[in-house]
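Working notes, structure below.
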Amino acid sequence: MIVSAFRVHAWWLGVACLAVLACGGGQEPEDPQTPPAEEQAPPAAQQPAAAEVVDEEALAVLRHMTELLRGQQSFSFTADMSHEALQETGERLEFGATRRYLVKRPNRVRVETTPRDAGPRLFQFDGKLLTLLDVEQKAYAQVEREGDLDATIDFLQDALATPLPLAELLRSEPGKALEEGWTTAYRVGVEQLGGVTTDHLFLRNADVDAQLWIAQGDAPTPQLVTITYRNDDGAPRFRAELTDWKLAAPAPDSAFAFQAPAGAERIQFAVPPKPAATEAQ
Amino acid sequence: MRRSLLARALALQCTLLLVVFSASGAFAGPRGGGGGGRSFSAGGSASRGSFSGGGSRQAASRSGASASGGYTRQANRGGASASSAQRPTTQQAGQASRQQSASTNQANRQQAAQSGTASNQANRQQASQTNQAARQETSQTNQANRQQGAKDMQETRDTNRDENREDWQSHADESREDRQDYAKEGREDWQEHSEDMWEEGGGGAYWAGGVYVGGPVHVVHYGYYNDNEWAAVAAGFVIGTAITAATYQSATTKSGCTLTEVNVNGTDYFRCPPTWYIRVMQGGEVNYVVVAAPPGF
Numbered sequence: 184m185i186v187s188a189f190r191v192h193a194w195w196l197g198v199a200c201l202a203v204l205a206c207g208g209g210q211e212p213e214d215p216q217t218p219p220a221e222e223q224a225p226p227a228a229q230q231p232a233a234a235e236v237v238d239e240e241a242l243a244v245l246r247h248m249t250e251l252l253r254g255q256q257s258f259s260f261t262a263d264m265s266h267e268a269l270q271e272t273g274e275r276l277e278f279g280a281t282r283r284y285l286v287k288r289p290n291r292v293r294v295e296t297t298p299r300d301a302g303p304r305l306f307q308f309d310g311k312l313l314t315l316l317d318v319e320q321k322a323y324a325q326v327e328r329e330g331d332l333d334a335t336i337d338f339l340q341d342a343l344a345t346p347l348p349l350a351e352l353l354r355s356e357p358g359k360a361l362e363e364g365w366t367t368a369y370r371v372g373v374e375q376l377g378g379v380t381t382d383h384l385f386l387r388n389a390d391v392d393a394q395l396w397i398a399q400g401d402a403p404t405p406q407l408v409t410i411t412y413r414n415d416d417g418a419p420r421f422r423a424e425l426t427d428w429k430l431a432a433p434a435p436d437s438a439f440a441f442q443a444p445a446g447a448e449r450i451q452f453a454v455p456p457k458p459a460a461t462e463a464q
Numbered sequence: 332m333r334r335s336l337l338a339r340a341l342a343l344q345c346t347l348l349l350v351v352f353s354a355s356g357a358f359a360g361p362r363g364g365g366g367g368g369r370s371f372s373a374g375g376s377a378s379r380g381s382f383s384g385g386g387s388r389q390a391a392s393r394s395g396a397s398a399s400g401g402y403t404r405q406a407n408r409g410g411a412s413a414s415s416a417q418r419p420t421t422q423q424a425g426q427a428s429r430q431q432s433a434s435t436n437q438a439n440r441q442q443a444a445q446s447g448t449a450s451n452q453a454n455r456q457q458a459s460q461t462n463q464a465a466r467q468e469t470s471q472t473n474q475a476n477r478q479q480g481a482k483d484m485q486e487t488r489d490t491n492r493d494e495n496r497e498d499w500q501s502h503a504d505e506s507r508e509d510r511q512d513y514a515k516e517g518r519e520d521w522q523e524h525s526e527d528m529w530e531e532g533g534g535g536a537y538w539a540g541g542v543y544v545g546g547p548v549h550v551v552h553y554g555y556y557n558d559n560e561w562a563a564v565a566a567g568f569v570i571g572t573a574i575t576a577a578t579y580q581s582a583t584t585k586s587g588c589t590l591t592e593v594n595v596n597g598t599d600y601f602r603c604p605p606t607w608y609i610r611v612m613q614g615g616e617v618n619y620v621v622v623a624a625p626p627g628f
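In the order they appear, the protein sequences are chains G and P. Sequential numbering of the first sequence, starting at 184, is according to the working numbering. Sequential numbering of the second sequence, starting at 332, is according to the working numbering.
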């Protein structure tokens, strides 16, 4: 008799809980942007697709930053950066470097790099001569060039196959490099970063998820950048903390003129066997 | 009485369920402005920041897209192919340029590849093709094994290591003989090799996120370079797979050779008999490439 009563009560308990679940489900607010079920991507093995919303508020914060940089005749900052590298055996390792950037528009740039695991290096362009120096190896390579910062950055990255992290910030039109192509952009919120009040932005394009923390106020400089390369194996992440910003920084021409260290050998560039631009088309 | 108790239990359970629903709803609101009602999770494995796990220190490949710090895949502008589909084919290649691998296996493979290029064009191409095929197979195997779990992957790694070690042994034996003719034939062969590489894009090389990985390189002298035209070619020396300074140090130390340095026509040559190297600037750092013996040697 008691057993029978338990069965009955258990049944009612189940019915009641189902009712509650249905009730709870009914109280979930409907997202007007949620597509009908048949339009949704199959969930198998895929993360839920983020809504492709480009929030003007986020772009305005971004524009505020790029206009500040574009308007600077010269500026400098330090970036302590790291990146993940997925090993062939599956491990995810982090490497890093500290870079000190000095930019003088329209055509001078100096980047001092200190990798965590190697000696200091220098990339320098004085408007005519591009130099890469490895201090520890006492060797440098040079090429005569003409052009502005954009052409120099393109040449460095494309022709010499030499990465320059955060190069978008140095370009003559940082807005073109940073405001276009996002399929998703929104402001996550306001956050404190090392005592600086920042706007935290999320940005997504076809290749990466990027987050920027941009200082609020009259000098909206980027304070922190993370970039996740979604399409690469392991979705490795790049991260850079940007500090010691100096707008209108002192930038005498001598800061960009190369002086070969004593005993340094001039060596040649080694480049990929195929002209990079040709294949890309 | 019993019915009354069950009714209370039911009421309590339903209350708990409602509390759970309320709680989950409470965190669904926006954390900041402009979020459009999104919820943000502060959790996940990366948030742990834990040092637990560990494992042995192994070869470290340092490049990849994230090394570039770009907002787009730079290979779209500058790469032969940045598609992830092509990436694995040479991940285990004689890691050159930007991939500063320090493992014994990788160093051995690099040296094998370079040695294989020492004698003549045919040897080089054959070695390259063999290596590439082996790399592709190994890469695919590794990828499949990764999906099967750590245990299987470990076994595969062990197997690969053993196979690589054997490959290198046989490769080294063959290459030693080939290198005897290296000084004589090198210069002409290099020229042909250069042209072939130019056309083919190099054996097993690929672009990853704007970083050129693996494969041969051209040593170029920028006496002149026209925008949009790759006019600068061939400083006279040629071309081999570059290795990092660290790998060079390791390889030459391990070989037990007596390193000598000579300056010929303004260029420092480093000799670890029978191999000659010069230093090049590649990807912003100094690497070493195997070259033909300088004139007079």
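Quick reminder that beta carbons are idealized off the backbone N, C-alpha and C, glycines included.
| Item | Value |
| --- | --- |
| Environment of residue 259 of chain G [buried if 16+ CB atoms lie within 10 Å] | buried |
| Paired residues, beta bridge with residue 374 of chain G - DSSP | G:381 |
| Interface partners of residue 576 of chain P on chain G, CB under 9 Å | 301, 317, 319 and 320 |
| DSSP three-state assignment for residue 336 of chain G, whether helix, strand or coil | helix |
| Buried/exposed call for residue 593 of chain P, threshold 16 Cβ in 10 Å | exposed |
| For residue 446 of chain G, the three-state DSSP class (helix, strand or coil) | coil |
| Proximity test, Cβ basis, 8 Å: residue 616 of chain P and chain G | yes |
| Nearest neighbour of residue 398 of chain G, chosen from G:350, G:251, G:284 and G:276 [CA to CA] | G:251 |
| Cutoff 8 Å: residue 435 of chain G Cβ touching any chain P Cβ | no |
| Pairwise C-alpha distance: residue 619 of chain P and residue 275 of chain G | 27 Å |
| Buried versus exposed, by CB contacts within 10 Å (16 or more), residue 419 of chain G | buried |
| Integer Cβ distance of residue 262 of chain G from residue 282 of chain G, believed to fall under 8 Å | 5 Å |
| Chain-ordered neighbours of residue 420 of chain G on chain P, where CB pairs are closer than 7 Å | 397 |
| Backbone secondary structure at residue 436 of chain G - three-state DSSP | helix |
| Reduced DSSP category for residue 627 of chain P - H, G, I as helix; E, B as strand; rest coil | coil |
| Near-chain G residues of the region 589–613 of chain P (beta-carbon distance less than 9 Å), N- to C-terminal order | 594, 597, 598, 599, 609, 610, 611, 612 and 613 |
| Through-space distance from residue 264 of chain G to residue 595 of chain P, alpha-carbon basis | 40 Å |
| Minimum Cβ-Cβ distance from residue 316 of chain P to chain G less than 8 Å | Since the first residue of chain P shown is 332 and the last is 628, residue 316 of chain P is not available in this structure. |
| According to DSSP, residues forming a beta bridge with residue 317 of chain G | G:304 and G:322 |
| Three-state class that DSSP yields for residue 241 of chain G in the structure shown | helix |
| 7 Å CB neighbourhood of residue 412 of chain G in its chain, flanking five on each side removed | 390, 391, 418 and 419 |
| Residue 357 of chain G (DSSP reduced to helix, strand or coil) | helix |
| Start-to-end residues for the alpha helix (DSSP H) that takes in residue 167 of chain G | As shown, chain G starts at 184 and ends at 464. That puts residue 167 of chain G outside it, with no answer to give. |
| Start and end residues, beta strand (DSSP E) containing residue 262 of chain G | 257–269 |
| Inter-stretch contact (C-beta, 8 Å, three-pair minimum) for the region 429–449 of chain G and the region 312–329 of chain G | yes |
| Chain G within 8 Å of residue 573 of chain P, Cβ atoms only | yes |
| Proximity below 8 Å, CB of residue 454 of chain G to CB of residue 342 of chain G | yes |
| Neighbour-count burial assignment, residue 370 of chain G, 16 or more Cβ in a 10 Å radius | buried |
| Nearest candidate by alpha-carbon position, reference residue 395 of chain G, set G:402, G:300 and G:386 | G:386 |
| Through-space distance from residue 626 of chain P to residue 647 of chain P, alpha-carbon basis | A question about residue 647 of chain P goes unanswered here, because the residues of chain P that appear run from 332 up to 628. |
| CB of residue 621 of chain P within 8 Å of CB of residue 598 of chain P, strictly | no |
| For residue 580 of chain P, the residue or residues it bridges with in DSSP | BP columns for residue 580 of chain P are empty, so no partner. |
| Beta-bridge pairing of residue 365 of chain G - partner residues as DSSP gives them | DSSP, once it has assigned bridges, lists no residue as partnering residue 365 of chain G. |
| DSSP-derived helix/strand/coil call for residue 367 of chain P | With a pLDDT of 38 at residue 367 of chain P, under the threshold of 50, the modelled position of this residue cannot be trusted; read the value that follows with caution. It is coil, neither helix nor strand. |
| Residue from G:400, G:401, G:352 and G:365 with nearest C-alpha to residue 425 of chain G | G:352 |
| Within-8 Å CB hit, residue 304 of chain G to chain P | yes |
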